[in-house]
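K.L.:
If you're matching positions, the sequence shown starts at 1 in my numbering and goes up one per residue. By construction, the Cβ of each residue, glycine as well, lies at the ideal position given by its N, Cα and C atoms. No experiment lies behind these values; they were computed from the predicted model shown.
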Amino acid sequence: MPNKIFRFKPILLHVIFWACFMALPYWMRPSPNSTDPQALQRYNSWTLFFIAFAFSNIPFFYLNTEILIPKILKKKGIVLYLILLSIAIPGMIWVYYELQEFIIISDHVKGRGGGGGFRRGPFMGTIFQLLFIIAIGVSYRFLSDNLKEKEIQKEEENERLKSELSFLRSQISPHFMFNVLNSIVSLSRRRPEMVESVVIKLSELMRYMIYETTDAKVAISKEMVYLENYIELQKIRFGNDIEITFNHKLADVPNSIEPMLLIPFVENAFKHGVGMVMNPIIEITLLDDREKLYFGVRNKVSSQISEKKDDSSGIGLTNVKRRLELLYPNEHHLKITEEGEYYHIELEIQHI
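#1: Just to confirm my understanding: we take Y294, look at its own chain, exclude 5 residues before and 5 after, and list those with CB closer than 6 Å. What are they?
#2: Can you give me the start and stop residues for the alpha helix (DSSP H) that N268 sits inside?
#3: Verify whether the separation of the beta carbon atoms of I345 and F265 is less than 9 Å.
#4: Per DSSP, what kind of secondary structure is L250 in: helix, strand or coil?
#5: Measure the alpha-carbon distance for L181 versus M276 and round it to whole angstroms.
#6: Quick one: using the 10 Å Cβ neighbour count with 16 as the cut-off for buried, is V218 buried or exposed?
#7: Run through DSSP, which three-state label would Y97 get?
#8: Let's test the definition: count the other Cβ atoms within 10 Å of the Cβ of G340 and tell me whether it reaches 16, buried, or not, exposed.
#9: If you draw a straight line from the alpha carbon of F61 to that of I134, how long is it in whole angstroms?
#10: Nearest to E338 by alpha carbon, out of Y328, N330 and S302?
#11: Beta-carbon within less than 8 Å of L63's beta-carbon, same chain only, minus the 5 sequence neighbours each way: which residues are those?
#12: With DSSP as the reference, label R191 as helix, strand or coil.
#13: Give the DSSP-derived three-state secondary structure of D288 in the structure shown.
#14: Below 8 Å CB to CB, which residues in the same chain sit around L84 once its five sequence neighbours on both sides are set aside?
#15: Just to confirm the assignment, what range does the alpha helix (DSSP H) spanning E232 have?
#16: If R323 sits next to E243, beta carbons under 8 Å apart, how far is it from one beta carbon to the other, in whole angstroms?
#17: Rounded to the nearest angstrom, what separates L187 and L327 at their Cα positions?
#18: Check whether the Cβ atoms of L130 and M92 sit closer than 9 Å, and answer yes or no.
#19: I think L262 touches L227, with their Cβ atoms under 8 Å apart; what is that distance to the nearest whole Å?
#20: Buried or exposed for L13, going by 16 or more other Cβ atoms inside 10 Å?
#21: Does DSSP put E338 in a helix, a strand or coil?
#22: Classify V274 as buried or exposed, calling it buried when 16 or more other Cβ atoms lie within 10 Å of its own Cβ.
#23: Helix, strand or coil: which one does DSSP assign to K148?
#24: Quick one: residues in its chain with C-beta nearer than 6 Å to the C-beta of N57, no 5 flanking neighbours on either side, listed in chain order?
#25: Express the C-alpha separation of D289 and Q234 in angstroms, rounding to a whole number.
#26: From R353 to V225, what distance separates their C-alpha atoms?
#27: Quick check on DSSP: helix, strand or coil for H14?
#28: When we look at the beta-carbon of T65 and count the other beta-carbons within 10 Å, is it buried (16 or more) or exposed?
#29: Using a 10 Å radius around the Cβ and a threshold of 16 neighbouring Cβ atoms, would you call V15 buried or exposed?
#30: Based on Cα-Cα distance, which residue from Y342, K271, V297 and Y211 lies nearest to H248?
#31: Spatial neighbours of A19 within its chain, please: C-beta separation below 8 Å, excluding the five flanking residues on both sides.
#32: What do you reckon, are the CB atoms on K300 and N279 nearer than 9 Å?
Below you can see the structure in the form of structure tokens.
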């Protein structure tokens, strides 16, 4: 229903405009100075004439806005446009005097309006009205075309952003699977008895990735459960070799977020916060309230040995930064710091 109303809104505006335009002669007419029936008849005849002429401007207006401007002025130039206008204007003047002939003079001939005092309407007043209609038509057409062009550009930009977001989101899953499968391969060599439980936990993560992330937004509570499952998988993998904490508190309202937006930060912490790091520590914080979401990841890094990154390293963070720019251009703040032996990521997203 709202789409139908929006579609008919321009038509409604046109109807209102022309109704007001044709009513102007009636609203602005002076009060008759005589109570003579013949004078009143002449007065009413002139009022009817001006309303009829205002009505005759409607086809002239749309001839200008729908044919002359888009097909002649914009495509063939202003010279031909002015030539055709110079032909159309005398035609409208002819209509003007024919309406006088039909409405005013016929009343005098029939004796309904009295035989004296008739004179034709002022020529310059007619020209002024026609020029006013032309100016309104040109302004309307150029403004309408400009708004349509901006709307088309906006739609094209939205489609481009949707395609880019779809591509970025599609990269998350393969990148995530690549990291997890590497973890399973490593685990199968060191603790083969743990592989089964890891695969089960992985199936839960895949279920979320396949069935829950198809929507534009997901509940933050679901994203939190996804993070918990991922962290539990890593705890199974590393056991007591790494200290992992996940502190979280959700708002009392069901806020939502772009799916798979937070996991790259956690992946990055596990990818570069273990291995050659002495006493590795990963701290994850998720706090949500009515106004904003705060997400922080803090992990210990090696200060002595620089790890050699593979070609896929950094894809997740680069990806998520771009998604934040597209989805929350003015509503997010991302701060990445590295102080001493700790690497810290802080993300704030304002709820709107």
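P.N.:
By the coordinates alone:
#1: Only L287 and E348 meet the Cβ criterion.
#2: Run containing N268: I263 to H272, per the alpha helix (DSSP H) assignment.
#3: Yes; because the gap between Cβ atoms is below 9 Å, this pair is in contact.
#4: Coil at L250, not helix or strand.
#5: Rounded to whole angstroms, L181 to M276 spans 20 Å at the Cα level.
#6: Under this definition V218 is a buried residue.
#7: Here Y97 sits in helix by DSSP.
#8: When all chains shown are included, G340 counts as exposed.
#9: About 7 Å.
#10: Of the listed residues, the one whose Cα sits closest to E338 is S302.
#11: Cβ neighbours of L63 within its own chain (closer than 8 Å, five residues either side excluded): A88.
#12: Reduced to three states, the DSSP call for R191 is coil.
#13: In the structure shown, D288 falls within a strand segment according to DSSP collapsed to helix, strand and coil.
#14: When the five nearest sequence neighbours on each side are left out, the beta carbons in the same chain lying within less than 8 Å of the beta carbon of L84 are those of L68 and I72, in order along the chain.
#15: First-last of the alpha helix (DSSP H) with E232: I220 to F238.
#16: Between E243 and R323 the Cβ distance is about 30 Å, and since that is not below 8 Å, they are no contact.
#17: Here the alpha carbons of L327 and L187 stand approximately 36 Å from one another.
#18: Contact: yes.
#19: Contact between L262 and L227 holds: their C-beta atoms lie close to 6 Å from each other, under 8 Å.
#20: With a 10 Å radius around the Cβ and a threshold of 16 neighbouring Cβ atoms, L13 comes out exposed.
#21: Secondary structure at E338: strand, using DSSP grouped into helix, strand and coil.
#22: Buried.
#23: Helix.
#24: Around N57: I133.
#25: If you draw a straight line from the Cα of Q234 to the Cα of D289, it comes to about 28 Å.
#26: Since the displayed the chain opens at 1 and closes at 352, residue 353 lies outside it and no answer follows.
#27: For H14, the secondary structure class from DSSP, reduced to helix, strand or coil, is helix.
#28: T65 should be labelled buried.
#29: Exposed: under 16 other Cβ atoms inside 10 Å.
#30: For the residues Y342, K271, V297 and Y211, the minimum Cα distance to H248 belongs to V297.
#31: Once the five neighbours on either side are set aside, A19 has no close Cβ partner at all.
#32: Less than 9 Å divides the Cβ of K300 from the Cβ of N279.
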